[in-house]
Every structure is written in C-alpha cells, then in structure tokens.
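Heads up: the sequence shown begins at 1 in our numbering, then just goes up one per residue.
Just so it is clear, CB atoms sit at the ideal spot from N, CA and C, and this is done for glycine as well.
Reviewing the structure listed below.
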Amino acid sequence: MAEQRKPVLIDVNEKAASDTKKEAENGHHRQENHIKSSQHRLEAIAGFHHIDAMLHEVEHDSLTTRAAYRQLQLKQQQQANLEKIIKLTHDLCRDEASNSPDPDWLYRFFEMAKTIYGEAMQNLWARILKQEIIKPGSTSLKALSLLETMTQREAQALQRACTLACTFGSDGANKLITGFRQPEQGMKRWFKPDLAERLALGNYKLPFTDLMLLMDLGLILRTELESGAMDPSADLALSGQGKTFMLTPFRKGTRIYYYRFSPTGNELAKLVGQKTHPEYLDALMALLSHAFDVNSDVGSTVNTKA
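Right under this line is the structure:
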C-alpha cells in the first residue's frame with residue numbers, strides 16, 4: 001500500500017512575509033530595468049544596432065560579416081518604414097480625383113521617407129504623399145528636406161505654433177500675434193509713447209525657446225514685425241481656428257505686433273494642420289478688444305470699447 005503523504009502546513013505569517021519579499025524583489029528588479037546606468041543604456045543601444053562586438057571579450061563573427069548583417073538589417077528596417085507609410089497613405093485615401101506625382105519628386109520622397117522611423121512622423125509623411133497624389137506640386141522638395149531633418153520635438157513645436165497662428169492682411173501667411181500698440185489720445189500723443197500691450201505665447205505652450213527653435217529651422221522669421229497703421233474707417237479681417245473676426249480700431253494709427261511664418265513654414269503648416277485652442281483664442285480676442293471693436297463671423301460683438 002502506497003505511503004500516504006502528510007499535508008503540508010503553511011504558516012500564514014511566513015507566507016505573507018515571503019510574498020512581501022518577492023514583491024519587493026520584483027519591484028526592485030523593475031526599477032533596475034527602468035533606471036539604467038549610462039553604460040547599460042549604451043550597451044542596449046549598441047546591441048540593438050549590432051555595433052557592440054568590441055564590448056564583448058569574444059568576437060564571434062568577422063568585421064565583414066558584422067557589417068554585412070548590419071546593412072541587411074538597416075535595409076530591412078527602411079523597407080518596413082516605406083511599407084508602413086504606404087499602408088498609412090492607403091488608409092487615408094478615399095475616392096478623391098488623383099494625378100500622377102512627378103517621378104523625380106516621388107523618387108526623392110521615398111529616399112527620404114525610408115529614414116522616418118517614428119509613428120507620428122510616418123503619419124505626417126503619409127498625409128504628404130496623399131496630398132501629392134491628389135494635387136501634384138503641393139509640397140516642395142525643399143520642405144521635404146527640412147522635414148526629414150526635423151526631430152519629433154521640433155515637429156511638435158511647429159504644431160503648437162500652428163495652433164496659435166492666424167492670418168490677416170492680403171498675404172495669407174500664418175502669423176503669431178504678440179500684441180498691439182495704439183497712440184495716446186489728444187495732445188498726449190505728441191509727448192508720450194504709444195500704449196502697448198503684449199500676449200505671452202509661453203502661457204499657451206509655445207515658450208520662447210520653441211519660437212527660437214522654429215526660427216533656427218527657418219520656419220518663422222526672426223524679426224518681430226508690425227502691421228501698417230490702421231484706420232477706424234477700414235475693418236481688418238482676422239482668421240484663426242476656423243473662425244473669422246472683423247477688427248475695427250478705436251484709434252487711427254493702431255498697429256499689431258506679430259511674427260510671420262516663412263514660405264517653407266507656411267507650406268509645412270498646411271501639412272501639420274491646426275488644432276483648436278479655445279483658451280488662447282479667447283485670450284487673444286480679449287487682448288485685441290482693448291484696441292479694437294471685435295466682431296465674430298456671425299455678427300456678434302466679442303467686446304466693445306467701454
């Protein structure tokens with residue numbers, strides 16, 4: 001007859017202590033995985049890109065073999081990048097009328113697009129390709145070359161700038177309004193400087209460091225500009241975030257301060273698109289209402305002079 005096994009008795013307190021210890025060890029292990037030293041981080045990067053042979057005591061393959069393998073992996077990844085962008089473009093396309101893009105443009109596009117690895121940037125390049133198929137010549141090679149070199153942070157800064165951008169005047173260029181100035185009334189205008197008010201773009205997720213970044217990229221002109229002197233007899237149409245406002249200055253000689261997007265910046269702005277930012281739009285209209293009678297596109301008055 002088989003020997004009957006005795007039941008194993010487990011002390012509850014001992015088990016709880018053991019579980020707590022395991023959780024602590026697992027937590028410590030997860031923390032070690034999350035917080036790596038610079039040396040371990042470099043080793044991980046080198047291993048992923050197959051350039052870590054000299055970090056090991058034994059080199060298992062020859063330099064020629066390692067180089068060939070790395071080039072093969074690189075080409076495979078670039079092929080995967082292109083195929084992903086094509087799939088994203090296909091998902092965006094509908095039944096719109098189309099044309100054939102310029103062959104030279106298409107070749108340059110694929111040569112640049114194959115080096116785009118991030119998902120967000122791949123989505124942007126997919127939108128560019130779709131637009132080019134619908135309307136060839138929409139995006140210049142100069143804009144593509146700049147876009148290829150942009151980091152994710154730079155692209156996000158451009159998108160934030162586009163969110164705050166508006167258009168006014170006859171040129172149709174995107175502008176970032178930073179304030180206005182208006183002359184003093186009566187005799188004061190001969191002895192006192194113009195009254196000026198400013199809007200801090202940094203309060204709306206566009207700090208000056210990002211503005212300088214976009215200037216360095218050539219997407220925004222470095223010099224702050226001002227509009228021509230306005231007259232109460234002529235309204236100014238201002239459009240932004242899908243809305244249009246009519247501005248009538250209270251005083252003759254009122255001017256608006258702004259930064260202007262460059263031609264390339266305007267081109268890329270069309271690709272990035274503009275998200276809504278109600279808080280910024282409200283703040284901008286509130287600021288302008290100190291110098292203008294502001295009427296929305298539906299005819300209602302935003303604010304009037306007190």
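| Item | Value |
| --- | --- |
| Check for me: the beta strand (DSSP E) holding Thr244 runs from which residue to which? | Lys243 to Pro249 |
| For Ile51, does the three-state DSSP call read helix, strand or coil? | coil |
| Compare the beta carbon distance of Gln131 and Ser138 with 9 Å and say whether it is the shorter of the two. | yes |
| So, does the segment 227-237 touch the segment 247-258, judging by three or more C-beta pairs under 8 Å? | yes |
| In the DSSP output, which residue or residues are listed as bridge partners for Lys180? | Correcting the residue type first, residue 180 is Phe in the shown sequence and not Lys. Answer is Glu197 and Ile256. |
| Which whole-angstrom value is the C-beta distance of Ala173 and Phe245, which I expect to be below 8 Å? | The Cβ separation is near 18 Å, so there is no contact. |
| By DSSP, does Ile220 sit in helix, in strand, or in coil? | strand |
| Looking at the unbroken alpha helix (DSSP H) that takes in Asp171, where does it start and where does it end? | Where Asp171 is concerned, there is no enclosing alpha helix (DSSP H), given that its DSSP letter is neither H nor E. |
| Out of Gln159, Arg160 and Leu176, state which residue places its alpha-carbon closest to the alpha-carbon of Lys167. | Here residue 167 is Thr; the residue named in the question, Lys, does not match the sequence. Per the Cα distances, Leu176. |
| Mapping the DSSP letters down to three states, classify Cys166 as helix, strand or coil. | strand |
| Hey, could you find the ends of the beta strand (DSSP E) Ser296 is sitting in? | Phe292 to Ser296 |
| Within the continuous beta strand (DSSP E) that includes Ser145, where are the two ends? | First-last for Ser145: Leu141 to Thr149, but that is the alpha helix (DSSP H), not the beta strand (DSSP E). |
| If the criterion is Cβ atoms closer than 9 Å, does the pair Leu158 and Trp125 meet it? | no |
| Taking all protein chains shown into account, do 16 or more other C-beta atoms lie within 10 angstroms of the C-beta of Thr254, making it buried, or fewer, making it exposed? | buried |
| Count the other C-beta atoms from every protein chain shown that fall within 10 angstroms of the C-beta of Leu214, then say buried if there are 16 or more, exposed otherwise. | buried |
| Helix or strand or just coil, what does DSSP make of Ser239? | strand |
| Kindly list the residues whose CB is nearer than 7 Å to the CB of Lys114, restricted to its own chain and excluding five residues on each side of it in sequence; keep chain order. | Gln78, Asn81 and Leu82 |
| By a C-beta neighbour count over all protein chains shown, 10 Å radius and 16 as the cutoff for buried, is Leu72 buried or exposed? | exposed |
| For Ser233 and chain D, any beta-carbon pair shorter than 9 Å? | Of the chains in the structure shown, none is chain D; there is only one protein chain. |
| Compute the beta-carbon to beta-carbon distance between Gln152 and Met112, rounded to the nearest angstrom, for a pair I have assumed lies under 8 Å. | Rounded, the Cβ-Cβ distance is 16 Å, inconsistent with contact. |
| Straight-line CA distance for Ala269 to Gly242? | 15 Å |
| Does DSSP put Glu119 in a helix, a strand or coil? | helix |
| If you reduce the DSSP assignment to three classes, tell me which class Leu225 lands in. | strand |
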